[in-house]
């Protein structure tokens, strides 16, 4: 279940403790990589300087749960929380990880774009966090009215589903004119 | 800009430091409330027990930026990070805040559902965090190729937009049969 949720997510929220001892939560691209997940950032970024304990959370919002009482209204979601101390990847491991990150959101990207040069690889910090410290949390289904006689109230109960969709690829109009490649169309 | 992003968001990722001194990031419903934002949870939850410094991050993912190089590929997004120590709301303030929270994702909910009873209010911890500690970060537009001669590569460049949509309300089939109310239809 952890892996299925991570495979469907688009963005991770990464929590660290900053130099002042305060919590900081930053949205980041990530990729599922076997029994771990990858995140990356500029080597110059404050976040990626020193890998201490981090928390990576990925949330898929599936719907708004509309109960007959405000108290029992809720959200349907699937989320994964992964805690641990990441490993800093270097050399060939880092190069491989960067390709996995590129291919995660848009499978087929590797082979349809210029791969990173050596200096570009060196500008990018890549961390790998084991899924050993992962937990999944899920809410699905209709509202649960409590007390049960709330079902008799003259109010509507059910779910408003939420969907995330990819639109048509929008070319930037620069460079060599060509149709959007298949791997982008497939993502829809 | 901070307020516009928060007004459009659906879920917040809340970072705290737990009793062991480790960062924890939890997805939570939130609401914009004047010059602050509200979050709520069970009074029994570990997260809501003691309000220390927190970080609340809301991210809207707008698209995947497909550059001709993997290195300059990116995401279009709008995000807000709010840091600070929240105020714990009590009594009338808490009751008012719970209605603001209910009405935020589905305007019109208050008046179309049973309001919280006194015991329900007492079971809910509500925190308010000032937007004084808020910063917005945004990326928009097409890829920026660097070096510029990457534009000559035989690869496609542009953006794959991402949309979040509300589906048709799905009744739970229990209780009093009635059509989905207007405020749910309007959310689409």
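Protein chains in written order, with our numbering: chain A, 53 to 240; chain B, 53 to 240. C-beta atoms are modelled at their ideal positions from N, C-alpha and C, and glycine is treated no differently. Keep in mind it's a predicted model, so treat the numbers as computed, not measured.
Cβ shell of residue i (< 8 Å), same chain only, five flanking positions each side left out
{"i": "residue 237(B)", "result": "221"}
{"i": "residue 75(B)", "result": "67, 68, 69"}
{"i": "residue 146(B)", "result": "173, 176, 178"}
{"i": "residue 93(B)", "result": "80, 99, 100, 176, 177"}
{"i": "residue 9(A)", "result": "Chain A is shown from 53 up to 240; residue 9(A) falls before or after that span and cannot be answered."}
N- and C-terminal bounds of the alpha helix (DSSP H) containing residue i
{"i": "residue 234(A)", "result": "234 to 238"}
{"i": "residue 170(A)", "result": "170 to 174"}
Unbroken beta strand (DSSP E) run spanning residue i, endpoints
{"i": "residue 101(A)", "result": "Per DSSP, residue 101(A) belongs to no beta strand (DSSP E) and is neither H nor E."}
{"i": "residue 130(B)", "result": "126 to 136"}
{"i": "residue 267(A)", "result": "Past the edges of chain A, shown from 53 to 240, lies residue 267(A), and the structure says nothing about it."}
{"i": "residue 191(B)", "result": "186 to 191"}
{"i": "residue 123(B)", "result": "Neither: residue 123(B) is in no beta strand (DSSP E) and is coded neither H nor E."}
{"i": "residue 84(A)", "result": "82 to 85"}
{"i": "residue 63(B)", "result": "No beta strand (DSSP E) contains residue 63(B), which DSSP labels as neither H nor E."}
{"i": "residue 74(A)", "result": "Neither: residue 74(A) is in no beta strand (DSSP E) and is coded neither H nor E."}
{"i": "residue 228(A)", "result": "From DSSP, residue 228(A) is part of no beta strand (DSSP E); its letter is neither H nor E."}
{"i": "residue 150(B)", "result": "Where residue 150(B) is concerned, there is no enclosing beta strand (DSSP E), although the alpha helix (DSSP H) it sits in stretches over 143 to 157."}
{"i": "residue 209(A)", "result": "Per DSSP, residue 209(A) belongs to no beta strand (DSSP E) and is neither H nor E."}
Rounded C-alpha distance that separates residue i from residue j
{"i": "residue 88(A)", "j": "residue 77(B)", "result": "18 Å"}
{"i": "residue 59(B)", "j": "residue 211(B)", "result": "24 Å"}
{"i": "residue 157(B)", "j": "residue 157(A)", "result": "28 Å"}
{"i": "residue 187(A)", "j": "residue 64(A)", "result": "14 Å"}
{"i": "residue 124(A)", "j": "residue 240(B)", "result": "22 Å"}
{"i": "residue 215(A)", "j": "residue 61(A)", "result": "12 Å"}
{"i": "residue 196(B)", "j": "residue 202(B)", "result": "10 Å"}
{"i": "residue 114(A)", "j": "residue 115(B)", "result": "19 Å"}
{"i": "residue 241(A)", "j": "residue 95(A)", "result": "Outside the shown range of chain A (53 to 240) lies residue 241(A), about which nothing can therefore be said."}
{"i": "residue 230(B)", "j": "residue 72(B)", "result": "50 Å"}
{"i": "residue 160(A)", "j": "residue 148(A)", "result": "15 Å"}
{"i": "residue 232(A)", "j": "residue 183(B)", "result": "41 Å"}
{"i": "residue 223(A)", "j": "residue 181(A)", "result": "35 Å"}
{"i": "residue 217(A)", "j": "residue 200(A)", "result": "36 Å"}
Same chain, Cβ closer than 6 Å to residue i, neighbours up to 5 away in sequence not counted
{"i": "residue 107(A)", "result": "67, 135"}
{"i": "residue 109(B)", "result": "65, 133"}
{"i": "residue 190(B)", "result": "130"}
Spatial neighbours of residue i in its chain, beta-carbon cut-off 7 Å, leaving aside the 5 residues before and after
{"i": "residue 103(B)", "result": "137, 138, 140, 179"}
{"i": "residue 55(B)", "result": "84"}
{"i": "residue 245(A)", "result": "Coverage of chain A is limited to positions 53 through 240, which leaves residue 245(A) absent and any answer about it impossible."}
{"i": "residue 207(A)", "result": "120"}
Beta-carbon gap between residue i and residue j smaller than 7 Å
{"i": "residue 126(B)", "j": "residue 111(B)", "result": "no"}
{"i": "residue 227(B)", "j": "residue 213(A)", "result": "no"}
{"i": "residue 209(A)", "j": "residue 120(A)", "result": "yes"}
{"i": "residue 168(B)", "j": "residue 205(A)", "result": "no"}
{"i": "residue 82(A)", "j": "residue 91(A)", "result": "yes"}
{"i": "residue 117(B)", "j": "residue 128(B)", "result": "yes"}
Amino acids of chain C, ordered along the chain, whose beta-carbon sits closer than 7 Å to that of residue i
{"i": "residue 128(A)", "result": "You won't find chain C in this structure, because its protein chains are A and B."}
Quiz item: Between the region 210 to 223 of chain A and chain B, which residues of the former have CB atoms less than 7 Å from a CB of the latter, in chain order?
Solution: 210, 211, 212, 213, 214, 215, 216, 217, 218, 219, 221, 222, 223
Self-check item: Against chain B: residues of the region 175 to 197 of chain A by CB proximity under 9 Å
Solution: 175, 176, 189, 193, 194, 195, 197
Self-check item: Contact residues within the region 142 to 161 of chain A, judged by C-beta distance below 8 Å to chain B
Solution: 150, 151, 154, 157, 158, 161
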